[in-house]
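Each protein sequence line maps, in turn, to chains A, B, C and D.
Quick note, the first sequence lines up with residues 1 to 381 if you use my numbering.
Quick note, the second sequence lines up with residues 382 to 762 if you use my numbering.
Quick note, the third sequence lines up with residues 763 to 1201 if you use my numbering.
Quick note, the fourth sequence lines up with residues 1202 to 1640 if you use my numbering.
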Amino acid sequence: MAFISSGYNPDKPMENRISDIGPRHFSEYLPPVIKKNFGKWDYHEILEPGVLCHTAESGDKVYTVRCATARLMSITHLREICDIADKYCGGHLRFTTRNNVEFIVDDKQVALDLKTFLNDQKFEGGSFKFPVGGTGAGVTNIVHTQGWVHCHTPATDASGTVKATMDVVFDDFTDMKLPAPVRISMACCLNMCGAVHCSDIAILGIHRKPPLIDHEYLDNLCEIPLAIAACPTGAIRPSKIELDGETYKTVAIKEERCMFCGNCYTMCPSLPLADTEGDGIALMVGGKISNRITKPAFSKVVVPFIPNEPPRWPTMTKVLKKILDTYAEDANKYERLGDWANRIGWERFFEKCELEFSSHLIDDFRDPAYYTWRQTTQFKW
Amino acid sequence: MAFISSGYNPDKPMENRISDIGPRHFSEYLPPVIKKNFGKWDYHEILEPGVLCHTAESGDKVYTVRCATARLMSITHLREICDIADKYCGGHLRFTTRNNVEFIVDDKQVALDLKTFLNDQKFEGGSFKFPVGGTGAGVTNIVHTQGWVHCHTPATDASGTVKATMDVVFDDFTDMKLPAPVRISMACCLNMCGAVHCSDIAILGIHRKPPLIDHEYLDNLCEIPLAIAACPTGAIRPSKIELDGETYKTVAIKEERCMFCGNCYTMCPSLPLADTEGDGIALMVGGKISNRITKPAFSKVVVPFIPNEPPRWPTMTKVLKKILDTYAEDANKYERLGDWANRIGWERFFEKCELEFSSHLIDDFRDPAYYTWRQTTQFKW
Amino acid sequence: MAKHKTPLLDQLESGPWPSFVSDIKQEAASRAKNEKGLDYQIAVDCPDDLLGVLELSYSDGETHWKHGGIVGIFGYGGGVIGRYCDQPEMFPGVAHFHTMRVAQPMGMWYNTGFLRNLMDIWDLRGSGLTNMHGATGDIILLGTSTPQLEEIYWEMTHGMDVDLGGSGSNLRTPASCMGMSRCEYACYDTQELCYNLTMEYQDELHRPAFPYKFKFKFDGCPNGCVAAIARSDLGFLGTFKGPIKIDQEVVAAYVGGEIAPNAGAHSGRDWGKFDIQSEVVDNCPSKCLSYEDGKLIMDHKECVRCMHCINTMPQALKIGDERGVSIFCGAKAPILDGPQMGSLLIPFMEVNKDDDYQSIKDLIENIWDWWMEEGKNRERIGETMKRLGFAALANAAGVEADPRHVQEPRHNPYIFWKAEEVEGGWERDIADFRKRHQR
Amino acid sequence: MAKHKTPLLDQLESGPWPSFVSDIKQEAASRAKNEKGLDYQIAVDCPDDLLGVLELSYSDGETHWKHGGIVGIFGYGGGVIGRYCDQPEMFPGVAHFHTMRVAQPMGMWYNTGFLRNLMDIWDLRGSGLTNMHGATGDIILLGTSTPQLEEIYWEMTHGMDVDLGGSGSNLRTPASCMGMSRCEYACYDTQELCYNLTMEYQDELHRPAFPYKFKFKFDGCPNGCVAAIARSDLGFLGTFKGPIKIDQEVVAAYVGGEIAPNAGAHSGRDWGKFDIQSEVVDNCPSKCLSYEDGKLIMDHKECVRCMHCINTMPQALKIGDERGVSIFCGAKAPILDGPQMGSLLIPFMEVNKDDDYQSIKDLIENIWDWWMEEGKNRERIGETMKRLGFAALANAAGVEADPRHVQEPRHNPYIFWKAEEVEGGWERDIADFRKRHQR
Ligand code: SRM
Ligand code: SRM
Ligand code: SRM
Ligand code: SRM
Ligand code: SF4
Ligand code: SF4
Ligand code: SF4
Ligand code: SF4
Ligand code: SF4
Ligand code: SF4
Ligand code: SF4
Ligand code: SF4
């Protein structure tokens, strides 16, 4: 390999440097019909799963075909997407906030043809490349994170758990037969980059062993006071240790105070948590973001731990599917998963979803925990 | 006065001492018809305000006439109550959990006559002695505390604020024209002996000046560590002071951290808070205890401060009456005050009751405060 | 003639509500007259002085009572609240003015004999002023001097067979609603259980051994007439399991307007004709009711027993047959951490008099053991629960985790796993880890 | 032939959902083939090595990525996430494998020209793997070496006129819903406001000056398609004031079954005939709707603009005409204090492009000034708010207390009065007090 310079001169980094230019302005990329009717849309229809029609006040109609991506995508794949956009959409496309691709056309038949075309494309391994769906009262793409593909703190993989899950709930992606949208999110550690704290169903990687302490290197690699300050439970204190006659400044951890959040590891690489047996998945449910009917709500932990079972996490997907199916069967139209659980009562939720309740599900973190306990005689047998 | 001995011998306190005998057994005091039908009541009716009729499975009927007391009562008054009970009720009576007296008779006409009789009895000053009422969807007696009559920490008087309030809402005591019961409670300091934290309307004495420090005496009268530990905000620390050349161990208070709870004063008499201008009343509303329809709920502060205006606290009673009347007019049948406010929204509550909203009403005490802020676009203009 | 001028207090004599000022004045007058010729054991004019000191507070807006000293009766750590006036020269009659808390009979049923006896003692040896009752439930005898405490106690115990109530870091005087004595909703005998536990725990009531105060209250049903869920460290609320019993004919009578809804509780206003749909069905919090073809249909399994339908049609609807208590732990007023209601610890427990309520007592003792072990000084059990977590209490109480313990599961994933729950335990070796993961 | 055996990952190639494994394999194959004859600037086989290290994680259940080092481009404090493999000998192609965050156009609209240019750069200088998009909204270029960072940046800025996004204790890449570009519910132009603020605050985005990260998100309406209320330190949600506009004829068409409710969102199942009463009226959270005589009646003043009726009948109901934003502050994931959503700080603000959104910028700068003054290191503004109280933020933001700020008023009476609010102030003299109150 020969180094190919872009023109950048490392000795004069400021020479001809361009900075602080931000993103490109979106208006450059709007398809003409979108530009023309910008801010003047009248209503929309979902013609079939994955196919939307928006009608403007001008009477113009625009058709959107939405299809899934794995989010982790290669440039080969992206170029294929571009080819499709060039062929069908005058070179325009967009991504949704949940990692789907939207192809926009102005003819209904073209949209339906495109849907067929997209559904025909497969990877060599057999999976769909561009399955169409993700609209209306169904499951759409999963917002997720890096996992074992690229992060240092994960307690599970992201792309794999997402693939395993979506394979199992695929018909809810391609059809709209749920009572309301179900948003599944995934985060591989408690940092929750997938912002799973407000999702109908959340897949969350969790650690269960306190950090190991790499005493010999800790003081070199970390600012000890920052590691101490990072701990929400105050489990960490400064300490000293003798190793082979040498004294090292390090930290000590009150293990019974640790709840495995990993925040100390974020500050200090000498405090790794990862562990084959300790790590796995918690499932949370009942969060939402929209203000429709009910207020936005936090997700709640309903399964405290499921071991990592790569590559397909069968226990996790089974439990998740059971929850989804039970909801689908039992909830009212328009009722989000959490609203359903609130209505029937969480005691019924556990019963109907055949989930075990354990003390781990009772909040014990700080004062607000109290507000999740039950201060009424109203409950169900 | 000559000391009259009961028989107690101070030199031999254990001689013939009787202890740990507890209360008398209630069954000694049940009227015969009550005893006969104990646990076998079938249903009740409120014949008119203050007059209840309970029917037993046996068909027996018992009539109860309920009347108010000031709770702070003299033995002269109590003897008068006994006279009435002897005359009408075979010597039986009871007190309710809200300081009313109940006279129980087994004939309806006697009950009605008794009601008339009770309503005819007046104190010399002109007030009723035994006004009948306090049943059903009305205001009943106020649970309250000692105030300036007998406590060391009050920020207001109890008996006086109660008298002033009940005079103003008297017709809601003698009639049942509210949407649901309205329970008013009163406590003269944040210790809340009136347990006003779950009342439809709560009158609460509050301080607003940080404790004075009686440096010279503090160390003699208090355990300094206990006073320090008592402060929920950590405002107190140990300190020393020079006075006239002598050094005293004492405490220092970070005044801007003080929220005037008085807990330090409870532990240490050298930290008094009372102050003519600083002390007064906060009004809280919307609490409840019953599990009927909705869950029990905490009272919420809606007026942060009203100055003490003895003897009749006209500003306080005016505001309270406005709240009560607005509720009475606007709420649905069976709807408790807090449920009404929740339904219409607290923004409407303030508007309709013509109350000012201020930052003092926004919770800022510890983590749970967050849960009272608004995390939704759902609100009213 | 009044001893002190009380122009402010005098204004509280008018108005309809019973005036405590008029009443204190009548007591002052009665003592001054002394028709029975008593040799009053404390200052005859203490009611006058009480009015005097109160008038002073009314004019300067500050209390004139000092911090209580430690007074009491021999062998007891509670039952008396010491109280001294901070202007003893101006008001000598109330210079020492202690309160005594007397154990009330459960449900506050009395006969006049009991009351008259007590009044006689208090006439001679106290201020002649009382509270009927204190906020915890005691009979409050308001104001006497230190030397009279033992005398009064002696006369009460010897002459009246009644004891003092609680104060201090003790079990406080338990209280119950009237329950079975006159209420059709009572799911268990509140008064008997309250009495039995009060007797069982006399030692805890009189001798401080707890981190702080501890209160029991007993409600016969979810209506909560003694406020157990708000005002007791351990609150017992009656509940039931079987279906609510419905007499459809009587329902029809309500619908037809023959019987006033809610026993007539709303009769002061014209609310229009009773509408079972909007008044009952729509208000049901579990939405398990419907009214079809003149019948009230209930999906019993989904009912949360809020009492609304029963309260509204008490002649037609009756509580279910399998009855017991739900037990709530931790209620208290706001100091220190903010207000707390009791949190559901036991969804259902039988109330079994035949075995002397043994299972309830076992539970109580487990809870106390835990709190006495873990609780800090002046920490209510509600605060200990908050600090150590609900599960710690449940565990100590021997209760299995149940979804009924929560309104909803936790929002945060901050679970305190224990080493023994985790495969392979917590013992790990950094050298081993570094074999798999370079620095 | 694959460089590493990946029997576990291979199992993720089956099943319907797009397989990232198949896709990475296709990229590996494409690079191996190198049809365009590129002189790849980082290891040709890095996709193979990525699969290899991932397979290792799949078999041992642990990540093999090390803590990121501090790498980046000159003058910027963010935009690059340093990442190193902890088994560099086994997987040299990903030994250094840094991520670059590229600023996406608002609403994530693209033309293929832009994407193809970016792909060309990334083909030559990176792994050929991306995330479209990162959870914050950036285009994520996944994996390159340190020397390539400046080269890529140079080519992006010079050749494509596009910048890096944010990371570190900076403003993070703002994101918006598609808003007016294709949505009838948009109450303001989310994309334009997002773009304008992004440009205004380029300095804050690239150079760390905050206590911790800070995120903006822009939702055009309360439906929240970019999750602003859950995922941004300052969330802008469109709202409106005027009455919802109702076309009764179209309502009738919905009721008559001519138009599918909710735009057909439920068409995968037979939910029966549309029932406006149970589906719309009864679901309205403010109960301000009724359907009478074929007309939908709305008590506009009581509507809380939840969007439900509009979402359900989008052809008949339209958002009101006086439009603007509600602004929410403090959302974040659980670490440290537990999860937070944004709390309503500004019920309504006009979105005024004509004055370059000055009032919004003033607000933002007030908030930042306060947070930079008061916030601790690594403390999100939501945590600062919790620590210092909502009123402290509101005050700093220049916002008057409003009942809309709270779901309900405080439960505790622990009010922090200030000396100047209290008559007579706080200065008092104990000697003076003792004149009125003896010890
Ligand atoms: C790439 C991305 C996940 C993804 O796969 O999409 C990501 C990846 C990381 N996040 Fe994140 N976060 C990403 C969006 C989020 C979000 C979601 C959002 O922005 O809507 C959250 C939750 C919302 C929030 O801000 O609270 C989030 C909450 C965190 C946190 C917890 C912060 C907190 O205050 O609780 C950390 C920990 C930290 O900052 O040290 C964190 C830290 C990290 C680090 C930098 C960990 C580290 O120090 O190496 C991760 C780098 C992974 C890697 O190898 O590239 N990331 N992170 C997302 C950014 C892509 C983008 O720019 O578009
Ligand atoms: C007499 C009574 C008020 C009344 O007028 O009825 C009362 C009076 C006092 N209470 Fe109370 N409390 C009384 C019921 C309550 C209640 C209500 C209840 O029991 O249902 C509460 C709220 C519920 C609770 O327990 O949380 C209550 C919460 C307090 C507190 C705050 C405790 C806490 O944990 O937050 C204190 C402060 C303390 O204990 O130091 C307190 C302290 C006091 C003291 C002892 C203050 C003192 O140190 O002098 C008061 C003595 C007043 C006096 O001069 O006699 N009192 N106290 C009530 C007892 C009468 C009785 O025995 O029947
Ligand atoms: C006598 C008393 C019990 C006692 O042991 O002393 C009592 C007696 C009855 N209560 Fe009560 N309640 C009594 C205090 C309470 C309290 C406690 C309190 O206020 O501190 C509550 C909880 C209040 C709250 O929720 O804040 C209480 C909440 C109820 C309810 C629920 C009302 C509601 O709408 O939420 C009912 C049901 C009803 O009214 O139909 C009820 C029903 C009843 C019934 C109908 C029970 C019966 O079948 O006899 C009794 C007559 C009601 C009436 O007065 O209209 N009782 N009741 C108490 C009378 C106090 C007084 O003098 O006014
Ligand atoms: C394309 C997208 C916006 C974008 O800028 O990319 C979008 C587009 C639309 N959303 Fe959304 N929403 C999009 C993410 C979201 C999110 C964010 C998320 O899931 O992370 C939410 C909040 C979810 C939550 O509450 O947890 C969201 C909650 C809604 C709702 C409220 C649904 C509810 O029942 O609570 C509506 C109203 C509706 O569905 O009628 C809505 C309505 C719509 C409409 C109908 C708006 C319109 O008139 O065009 C669009 C088509 C809906 C459909 O797919 O059926 N959109 N929508 C996002 C598509 C994501 C995807 O690929 O699946
Ligand atoms: S959730 Fe945790 S492990 Fe996953 S990408 Fe974010 S910081 Fe990394
Ligand atoms: S993992 Fe979290 S709780 Fe455990 S020591 Fe580290 S910072 Fe503290
Ligand atoms: S509320 Fe406060 S002032 Fe009133 S009696 Fe109780 S402790 Fe005393
Ligand atoms: S009054 Fe309360 S907050 Fe103020 S110093 Fe005393 S204990 Fe602390
Ligand atoms: S709590 Fe229930 S049982 Fe007890 S008196 Fe009240 S209504 Fe009757
Ligand atoms: S008791 Fe309450 S929850 Fe049960 S059916 Fe009656 S109204 Fe409904
Ligand atoms: S948030 Fe509202 S305006 Fe934006 S895309 Fe979603 S529905 Fe449309
Ligand atoms: S927007 Fe929501 S609150 Fe307003 S009328 Fe429609 S359904 Fe009701």
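Ideal placement from N, C-alpha and C gives every residue a C-beta, glycine not left out.
Starting from the beta carbon of residue i, find every residue of chain B whose beta carbon is closer than 8 Å, and list them in chain order.
| i | result |
| --- | --- |
| Ile-832 (chain C) | The contacting residues do not exist; Ile-832 (chain C) stays about 12 Å from chain B at best. |
| Asp-367 (chain A) | Arg-747, Asp-748 and Pro-749 |
May I have the straight-line CA-CA distance separating residue i from residue j, to the nearest angstrom?
| i | j | result |
| --- | --- | --- |
| Tyr-63 (chain A) | Glu-1401 (chain D) | 34 Å |
| Gln-378 (chain A) | Cys-1395 (chain D) | 46 Å |
| Asp-965 (chain C) | Asp-401 (chain B) | 7 Å |
| Ile-293 (chain A) | Met-1508 (chain D) | 8 Å |
| Met-1111 (chain C) | Lys-380 (chain A) | 15 Å |
| Tyr-424 (chain B) | Ala-437 (chain B) | 7 Å |
| Asp-107 (chain A) | Val-162 (chain A) | 33 Å |
| Val-101 (chain A) | Ile-1430 (chain D) | 24 Å |
| Thr-539 (chain B) | Ile-582 (chain B) | It is worth fixing the name first, because residue 539 (chain B) is Ala in this sequence and not Thr. Answer to the nearest angstrom: the Cα atoms are 15 Å apart. |
What do you reckon, is the C-beta of residue i under 7 Å from a heavy atom of ligand 3?
| i | result |
| --- | --- |
| Gly-869 (chain C) | yes |
| Pro-560 (chain B) | no |
| Ile-253 (chain A) | no |
| Val-988 (chain C) | yes |
Are there any heavy atoms of ligand 11 lying less than 7 Å away from the beta-carbon of residue i, as far as the coordinates show?
| i | result |
| --- | --- |
| Tyr-1386 (chain D) | yes |
| Leu-1522 (chain D) | First, the residue type needs correcting, since residue 1522 (chain D) is Asp and not Leu in the sequence shown. Checking every heavy atom of ligand 11 against the Cβ of Asp-1522 (chain D), none is found closer than 7 Å. |
Residues of chain A with a CB under 9 Å from the CB of residue i: which are they?
| i | result |
| --- | --- |
| Glu-1351 (chain D) | Ser-6, Tyr-8, Pro-10 and Pro-13 |
Using the beta-carbon of each residue, which ones in chain B are nearer than 7 Å to residue i?
| i | result |
| --- | --- |
| Cys-939 (chain C) | Thr-478 |
| Tyr-872 (chain C) | Tyr-410, Leu-474 and Arg-475 |
Closer than 7 Å by beta-carbon distance: list the chain C residues that pair up with residue i, in chain order.
| i | result |
| --- | --- |
| Trp-529 (chain B) | Leu-816, Ser-819 and Thr-825 |
In chain D, which residues lie less than 7 Å from residue i when you measure between Cβ atoms?
| i | result |
| --- | --- |
| His-741 (chain B) | Ile-1616 |
When a residue counts only if its C-beta is closer than 7 Å to some heavy atom of ligand 10, which residues count, in chain order?
Listed along the chain, these residues meet the criterion: C:Ile-1006, C:Val-1042, C:Asn-1045, C:Cys-1046, C:Pro-1047, C:Ser-1048, C:Cys-1050, C:Leu-1051, C:Met-1060, C:Cys-1065, C:Val-1066, C:Arg-1067, C:Cys-1068, C:Met-1069, C:His-1070, C:Cys-1071 and C:Ile-1072.
Between the stretch 246-261 of chain A and the stretch 1378-1395 of chain D, do at least 3 Cβ pairs fall closer than 8 Å?
no
Which residues neighbour ligand 5 when neighbourhood means a C-beta less than 5 Å away from any of its non-hydrogen atoms? List them by chain order.
A:Thr-145, A:Gln-146, A:Cys-151, A:Thr-153, A:Pro-154, A:Ala-187, A:Cys-188, A:Cys-189, A:Asn-191 and A:Cys-193
Report yes or no: do the stretch 611-619 of chain B and the stretch 669-687 of chain B share at least 3 C-beta pairs separated by less than 8 Å?
no
Segment contact flag, the stretch 1084-1097 of chain C with the stretch 348-364 of chain A, C-beta cutoff 8 Å, min 3 pairs
no
Meets three-Cβ-pair contact criterion under 8 Å: the stretch 1004-1015 of chain C and the stretch 1088-1107 of chain C
no
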